[in-house]
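**Student:** I'd like to ask you about the structure that follows.
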Amino acid sequence: MTILTQSFLNAADADGPLDVVPVAGRIGAEIRGVALGGDLDDATIAAIRAALVRHKVIFFRAQHHLDDAGQEAFAERFGKPVAHPTVPVVPGSKYLLELDSKEGRAASSWHTDVTFVPAYPESSILRAIVIPQAGGDTLWANTAAAYEELPEPLRQLANSLWAVHSNLYDYASVVTNANEEAVKRYREVFASTVYETEHPLVHVHPESGERSLILGHFFKQFVGLSQADSQRLFATFQDTVTRPENTVRWRWQPGDVAIWDNRATQHRAIADFGTQHRQLRRATIAGTVPVSIDGRNSRIIKKEDGKIAEAA
């Protein structure tokens with residue numbers, strides 16, 4: 267057993283009153299016996315938040331009592347919910363984002379949510395509504411464990427790099443199981459406002475103090491490097507993030523809820539469900555601007571018409 271795995275499993279001993287069962291060796295745990303909702307007391311909310319920081323992604327089975335309003339009420343207890351910066355909310359809701367395979371809304375490549383803005387989300391709360399009979403699982407990867415596993419020369423290089431992230435990317439290449447017209451419509455909405463933001467490759471988690479990598483499919487280019495060199499380095503670091511040992515795979519059932527720490531993970535849907543319907547809804551919790559290991563903040567460099575904005 268590796269040091270990273272043993273440390274992760276030992277963390278379950280610190281979960282206090284919650285019934286927490288690790289799902290994989292380095293990331294992911296199921297919490298049992300909790301009915302999520304807006305009526306949870308402060309101690310339970312604090313325990314769930316602490317478990318999230320430790321385990322990176324936590325799962326709750328059979329939350330069938332939750333509807334859109336209940337999911338939003340829980341999100342308001344958990345943190346400060348925010349809507350997606352470009353995609354409209356589910357009609358009748360305040361914050362919820364629809365992830366519906368019929369509309370091309372299931373990203374099947376690795377990413378951290380909304381890294382094209384400086385203060386990208388702290389966490390997300392995803393509720394399963396319609397799940398394929400087979401397929402349609404989601405994978406998460408531990409970006410803090412990935413940093414720890416880098417050889418020292420690569421770690422020193424990572425510490426010095428900054429990267430541009432943008433919502434203008436090859437959207438069609440990461441979305442499957444939807445017709446071309448639906449993908450085109452959604453891409454137009456997704457990039458209706460164009461963002462570009464510079465992030466440090468390595469940031470310091472504001473709660474755990476861990477160092478973690480900011481990568482994923484919104485990555486565009488490393489600052490000061492050519493596109494070709496950027497892509498080679500990106501592949502090296504990204505491959506470390508998505509090593510099987512750093513991941514957990516969740517087989518959804520209707521009513522399941524997953525909450526992940528967007529500051530220490532990447533995730534992706536698995537597009538193996540053909541034309542079966544897959545529908546989930548996500549509430550997103552506001553985050554803070556990432557800080558590099560030398561104390562510098564991420565900054566927005568373009569919004570809409572590309573005008574240079576002030577540093578965040």
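So the sequence shown is numbered by my numbering: it starts at 267 and just counts up by one. All C-beta atoms, glycine included, are put in the ideal place defined by N, C-alpha and C.
Look up Gly-388 in the DSSP assignment and say whether it is helix, strand or coil.
**Tutor:** Locating residue 388 in the sequence shown gives position 122, counting from the first residue. In the sequence as presented, Gly is not what sits at residue 388; that position holds Glu. The answer is coil: DSSP assigns Glu-388 none of H, G, I, E or B.
**Student:** What residues match up with Val-396 in a beta bridge as DSSP calls it?
**Tutor:** Translated into positions along the sequence shown, residue 396 becomes position 130. DSSP output for Val-396 lists Gln-545 as bridge partner(s).
**Student:** If Leu-363 and Arg-509 are in contact, beta carbons under 8 Å, what's the gap, nearest whole angstrom?
**Tutor:** On the sequence shown, position 97 is the one that residue 363 refers to. On the sequence shown, position 243 is the one that residue 509 refers to. Contact between Leu-363 and Arg-509 is ruled out by a C-beta separation of about 29 Å, above the 8 Å threshold.
**Student:** Note down, one range per segment and in chain order, each alpha helix (DSSP H) of at least 4 residues found wholly within the region 449-515.
**Tutor:** 493-507
**Student:** Spatial neighbours of Ala-309 within its chain, please: CB distance less than 8 Å, with the 5 preceding and 5 following residues excluded, ordered by chain position.
**Tutor:** As a first step, residue 309 must be located in the sequence shown, where it is residue number 43. Within the same chain, Ala-309 has close Cβ partners Pro-283.
**Student:** For the beta strand (DSSP E) that contains Phe-326, what are its first and last residues?
**Tutor:** As a first step, residue 326 is located in the sequence shown; it is residue number 60 there, counting from the start. First-last of the beta strand (DSSP E) with Phe-326: 323-326.
**Student:** So who's on the other strand from Val-286, going by DSSP bridges?
**Tutor:** The residue you call residue 286 lines up with position 20 of the sequence shown. Paired residues: Ile-297.
**Student:** How big is the Cα-Cα spacing for Pro-398 and Phe-539?
**Tutor:** Working through the sequence shown from its first residue, we reach residue 398 at position 132. Working through the sequence shown from its first residue, we reach residue 539 at position 273. Spanning the two alpha carbons is a distance of roughly 7 Å.
**Student:** Comparing alpha-carbon positions, which option in Asp-366, Gly-294, Lys-568, Gln-422 lies nearest Val-353?
**Tutor:** As a position in the sequence shown, residue 353 is number 87, starting the count at 1. It is Asp-366.
**Student:** DSSP beta-bridge partners for Asp-527?
**Tutor:** Within the sequence shown, residue 527 is the residue found at index 261, counting from 1. DSSP lists Ser-389 as partners of Asp-527.
**Student:** Counting along the chain, where does the beta strand (DSSP E) carrying Glu-364 start and finish?
**Tutor:** Counting from 1 along the sequence shown, the entry for residue 364 is found at position 98. Residues 363-366.
**Student:** For the region 480-498 against the region 372-388, do three or more pairs of beta-carbon atoms, one drawn from each stretch, fall closer than 8 Å, so that the two count as touching?
**Tutor:** Judged by Cβ distances under 8 Å, the region 480-498 makes contact with the region 372-388, as three or more pairs qualify.
**Student:** Within this structure, are the beta carbons of Glu-415 and Thr-506 separated by less than 8 Å?
**Tutor:** For this step, residue 415 is matched to residue 149 along the sequence shown. For this step, residue 506 is matched to residue 240 along the sequence shown. Result yes, Cβ atoms of Glu-415 and Thr-506 sit closer than 8 Å.
**Student:** Is there contact between the region 322-337 and the region 286-301, where contact requires at least three CB pairs shorter than 8 Å?
**Tutor:** yes
**Student:** Taking DSSP's pairing of strands, which residues face Gln-532 in a bridge?
**Tutor:** On the sequence shown, position 266 is the one that residue 532 refers to. DSSP, once it has assigned bridges, lists Ala-407 as partnering Gln-532.
**Student:** Contact defined as beta carbons within less than 8 Å: I believe Val-523 pairs with Leu-392. What is the distance between those atoms, to the nearest angstrom?
**Tutor:** Position 257 of the sequence shown holds residue 523. Position 126 of the sequence shown holds residue 392. Right, their Cβ atoms sit about 7 Å apart.
**Student:** With DSSP collapsed to three states, give me the class of Val-319.
**Tutor:** For the purposes of this step, residue 319 is taken as residue 53 along the sequence shown, with counting starting at 1. It is helical.
**Student:** Give the DSSP-derived three-state secondary structure of Lys-573 in the structure shown.
**Tutor:** As a first step, residue 573 must be located in the sequence shown, where it is residue number 307. For Lys-573, the predicted model reports a pLDDT of 39, less than 50, meaning its position is unreliable and no value from the coordinates is stated.
**Student:** Got a sec, what are the start and stop residues for the beta strand (DSSP E) Ser-432 sits in?
**Tutor:** Start at 1 with the first residue of the sequence shown, and residue 432 comes out as number 166. Counting along the chain, the beta strand (DSSP E) containing Ser-432 begins and ends at 428-432.
**Student:** What does a CB cutoff of less than 7 Å around Ala-412 pick up in its chain, not counting 5 residues either side in sequence?
**Tutor:** As a working note, residue 412 is residue 146 in the sequence shown. Excluding positions up to five away in sequence, the list reads Leu-479, Thr-506, Val-507, Asn-512.
**Student:** So, for Val-430: in the same chain, excluding its five sequence neighbours on each side, which residues have a beta-carbon less than 6 Å away from its beta-carbon?
**Tutor:** Along the sequence shown, one-based indexing puts residue 430 at 164. The residues are Glu-462, Glu-464, Lys-486, Gln-487.
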